[in-house]
Structures are given as C-alpha cells and as structure tokens.
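Residue numbering for the sequence shown follows the working numbering, starting at 892 and increasing by one per position.
Note that beta-carbon positions come from the ideal geometry of N, C-alpha and C, so glycine has one too.
Before any comments, here is the structure.
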Amino acid sequence: MSAFIQQLPALIGVVIGALGSYAAVVRSDRARFLRERTARWEERRLSVYSDYARSLKKTVALTYRVASHLGADPHPHPLPMAEAQPLLAEAAVAREPSGETLIMLGSKEAVEKARVWVAVVLEMERFVREGRREPEAWQTLLAQQRAAREGYYAAVRSDLELPPGHGARAPLPSVPVA
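Written out as structure tokens, the structure is:
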C-alpha cells in the first residue's frame, strides 16, 4: 500500500493534467465554433445586403432609362414607359423577398436606411410613370437617391465592421486620347 501512496502525487498530477488539457481543448473548440458561426452570419448578412441593393438598382436603372426617353435624364439608352412597365413590375416582385430577408437579418440601422432608399426609388418610379419632363426635379430625385444609397451602404459597412466610405464618387482615371 505504501507504493500506491508514493505514486499518488504522480497520479493526481496526471489526472490534473488530463483535466486541464480537456478544458483547453473544449475552450479552443468553443472559440473556433463561435468564430466560424460569426463568419457565416456575416457572409449571410453581406449576401442579404447585396441582394437588396441589386434589386433596388434594377429599378433605379430602369427609371434612368425612362427618364431619358422623357428628356429628363442624359442616359444613353432611352426606354419608353410601355416597354419599361413589365420590367418595373418584375423588379418590384424581385425586390419583395430580398426586402423581407433584409428585415429578418439586417441591423436596425441598415433596415431604416434601406427604407429611406426605397422610398426615394419609389418616388423616382412615380416620376417616370406620371410622364414628367422636368430635368431639374429629376436631378433633385437623383441627388436624394444617391444620398439615400450612401446612407444604406454606410449602415451596411458599419454593421459588417468594414472601413467607412465607398469609391462610387471617386473621380475616374483619365483615358489618354490617341
């Protein structure tokens, strides 16, 4: 029995070491799981934010083209309202699911900014549906749309903890003339 008592401190040390090793592995696995889960959700939110922006931009692009047909915008590819109506309806239908997903997964600030942006886009759509030919009023709507889009992108970047700003307003590099 004295041999067992002599080896007891070593046995206790082995048990403590095994428990410590187990605790370290469990803690490490838990931390890795949390990091991976956070990364998955960030990827999903980025996808939701991008899908919503893309769906709104379809409507914006169509309104540019119709406004060009009306003489209110310099867009190089005018589109008559008769041809644009089914495309606008399709864009609105496509926007609904991405909007619902945004409400579910987006941050409160991003959802609020998305609502501001979509309100301006709907105003642009109303402008072209009414057949208005007022370039100054159209330019005001364009400025509001750009500001609303910037607000949405800023909220998205903040939610995803990305650096601020975007390069949409950066001057384009000059093209050498041959």
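Going by the CB atoms, is the gap between residue j and residue i shorter than 8 Å?
| i | j | result |
| --- | --- | --- |
| residue 947 | residue 1019 | no |
| residue 958 | residue 968 | no |
| residue 997 | residue 906 | no |
| residue 1022 | residue 961 | yes |
| residue 1001 | residue 1046 | yes |
| residue 975 | residue 956 | yes |
| residue 1008 | residue 964 | no |
Below 7 Å CB to CB, which residues in the same chain sit around residue i once its five sequence neighbours on both sides are set aside?
| i | result |
| --- | --- |
| residue 933 | 1051 |
Report the CB separation of residue i from residue j in whole angstroms; it is logged as a contact under 8 Å.
| i | j | result |
| --- | --- | --- |
| residue 929 | residue 1016 | At roughly 37 Å, the Cβ-Cβ gap does not stay under 8 Å, so residue 929 and residue 1016 are not in contact. |
| residue 1072 | residue 989 | In the structure displayed, the chain extends from 892 to 1069; residue 1072 sits before or after that span and is not available. |
| residue 993 | residue 985 | That pair is no contact at about 13 Å. |
Nearest chain C C-beta to residue i closer than 8 Å, yes or no?
| i | result |
| --- | --- |
| residue 1047 | Looking at the structure shown, chain C is missing, and only one protein chain is on hand. |
With a CB to CB cut of under 8 Å and the five nearest residues on each side skipped, what residues in its chain are close to residue i?
| i | result |
| --- | --- |
| residue 1032 | 1011, 1014, 1015, 1018 |
| residue 1055 | 1045, 1048, 1049 |
| residue 1035 | 1011, 1014 |
Could you say if the segment 1037-1054 and the segment 965-983 meet the contact criterion of at least three C-beta pairs nearer than 8 Å? The segment 1037-1054 vs the segment 965-983: no contact.
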